[in-house]
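Following numbering that gives the first Met the number 0, the numbering of the sequence shown begins with 0 at its first residue and continues without gaps.
Where is the CB? At the ideal position from N, CA and C, for every residue including glycine.
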Amino acid sequence: MSNTQIFRGTLVFLLALGLAYILVLTRGVWVGLLIAILVASAVRPAILRLIRWGVPAGMAVILVYLGIALVTILVLVIILPPVVNQFVGYIQNDNLLANRIIAAQSWFQRTASQFMGTDFQTGITPDDIRTAVSDLVETVRITAPSLIGEVTSFLGDFILMIVMGIYWFTSRERAVLFISSLVPLSRRALVGVMMDEIEMGLGAYVRGIVFVSVIMGFLCFVTLTILRVPGAATLSFFYAVATAIPIIGGFVGVALATFLALLTSPLNAVIVLVVTALLQQVENYWLTPRAMSKATDFDPLLVILFVAAGFTLGGIMGSLIALPLAGSVSVIVKYLILEPRKAQTTSTRVDGGILLKSTPNSDSP
Numbered sequence: 000m001s002n003t004q005i006f007r008g009t010l011v012f013l014l015a016l017g018l019a020y021i022l023v024l025t026r027g028v029w030v031g032l033l034i035a036i037l038v039a040s041a042v043r044p045a046i047l048r049l050i051r052w053g054v055p056a057g058m059a060v061i062l063v064y065l066g067i068a069l070v071t072i073l074v075l076v077i078i079l080p081p082v083v084n085q086f087v088g089y090i091q092n093d094n095l096l097a098n099r100i101i102a103a104q105s106w107f108q109r110t111a112s113q114f115m116g117t118d119f120q121t122g123i124t125p126d127d128i129r130t131a132v133s134d135l136v137e138t139v140r141i142t143a144p145s146l147i148g149e150v151t152s153f154l155g156d157f158i159l160m161i162v163m164g165i166y167w168f169t170s171r172e173r174a175v176l177f178i179s180s181l182v183p184l185s186r187r188a189l190v191g192v193m194m195d196e197i198e199m200g201l202g203a204y205v206r207g208i209v210f211v212s213v214i215m216g217f218l219c220f221v222t223l224t225i226l227r228v229p230g231a232a233t234l235s236f237f238y239a240v241a242t243a244i245p246i247i248g249g250f251v252g253v254a255l256a257t258f259l260a261l262l263t264s265p266l267n268a269v270i271v272l273v274v275t276a277l278l279q280q281v282e283n284y285w286l287t288p289r290a291m292s293k294a295t296d297f298d299p300l301l302v303i304l305f306v307a308a309g310f311t312l313g314g315i316m317g318s319l320i321a322l323p324l325a326g327s328v329s330v331i332v333k334y335l336i337l338e339p340r341k342a343q344t345t346s347t348r349v350d351g352g353i354l355l356k357s358t359p360n361s362d363s364p
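Spelled out as structure tokens, the structure:
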């Protein structure tokens, strides 16, 4: 190996390392862009439908994204005030929260003792609960001012997501043409096919997630309202949001909603537990398989691995985008690796009974 080749290889390695470092530093921007593409892929059919109805393309994009913004603001206005009021009340009086947890623990111990026919104790004393609650409230008091910055950052990211989504919708064709120009001529049509399939999968995934979450939240809200559970809207909102997380989201939603209901009364907690657990069965075995059948086709074990990896790298948002990102990679692997290899090894029968083996294109990479 010549010195020139060594220098070139070292330079390529350093450039790749520097690029990877830059990507890590700016991963928040790329996650935001991916979310914007996910949303744009999900709302693309609605925009195209408005265009077919005679609405100008620019106005159709604005109307759809304005609708998303209005729905988001409306949901937050309905849900946040009671949560904030209860949150502030607990910060101002931590004994109130501790006493409610102690009362719930006493009820649980009595119920368990009656069911088991013997004395049952959790091993946690009231003083332990008061100390833990006091420490938690003090931590929240210290970190509460930073929440204002988090809210501002969320609003900024939300606006940026809308802007990037609009830009992606308007510049998608140019992006496809640019990517096509980077591959050999014989593969350029394949780029469009891959982009269409990726976007179709992304859109179907997001629409399926939103559909399942909305239906589950609505059913939970109606049921809890009929049963007169306080804070039905807030409990249903948190349950619906949690169900958006694949595989584990339902369990998180049941646990979170039950715990929040436990702060009002043990009876409400039991009602919420039963309702959300039953709804979870409906979601797992009927609603999700039908809503997500066209979006993902991964083994459940792979889904858990992807979600866990996404959560480790990017928290809740990372777990939400892990599956669509894995689906996009699987489409690329299918068209660039699996199908060409299958075409090279599969014989073709033609007229006359002659068997011919397909060969790779001379200009393929």
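| query | result |
| --- | --- |
| Ordered list of beta strand (DSSP E) runs contained in the segment 188-218, each at least 3 residues | none |
| Nonlocal neighbours in the same chain, by C-beta distance under 7 Å from residue 193, ignoring five residues either side | 330, 331 and 334 |
| CA-to-CA distance, residue 213 to residue 17, given in whole angstroms | 43 Å |
| For residue 237, the nearest candidate out of 72, 24, 266 and 78 (CA to CA) | 78 |
| Inter-residue CB distance, residue 287 and residue 256 (contact presumed, cutoff 8 Å) | That pair is no contact at about 18 Å. |
| Burial state of residue 94 (16 or more Cβ within 10 Å) | exposed |
| Secondary structure of residue 358, DSSP reduced to three states | Reliability of the predicted coordinates at residue 358 is poor, the pLDDT of 48 falling under 50, and the value obtained from them is presented with this limitation in mind. It is coil, neither helix nor strand. |
| Sequence-distant residues of its chain with Cβ nearer than 8 Å to residue 205 (five each side left out) | 37, 38, 40, 41 and 323 |
| Three-state secondary structure (DSSP) of residue 370 | Given that the chain is displayed from residue 0 to residue 364, the structure contains no residue 370 and the question cannot be resolved. |
| Span separating the alpha-carbon of residue 179 from that of residue 186 | 8 Å |
| Cutoff 7 Å; reference residue 321; Cβ partners in own chain excluding five residues on either side | 305, 306, 308 and 309 |
| Residue 43 - containing alpha helix (DSSP H), residue span | 26-51 |
| Whole-angstrom distance between residue 191 and residue 184, CA atom to CA atom | 12 Å |
| At least 3 beta-carbon pairs within less than 8 Å: the segment 93-109 vs the segment 262-280 | yes |
| Extent of the continuous alpha helix (DSSP H) to which residue 283 belongs | Element bounds for residue 283: n/a, residue is neither H nor E. |
| Cβ neighbour criterion (16 or more within 10 Å) applied to residue 318 | buried |
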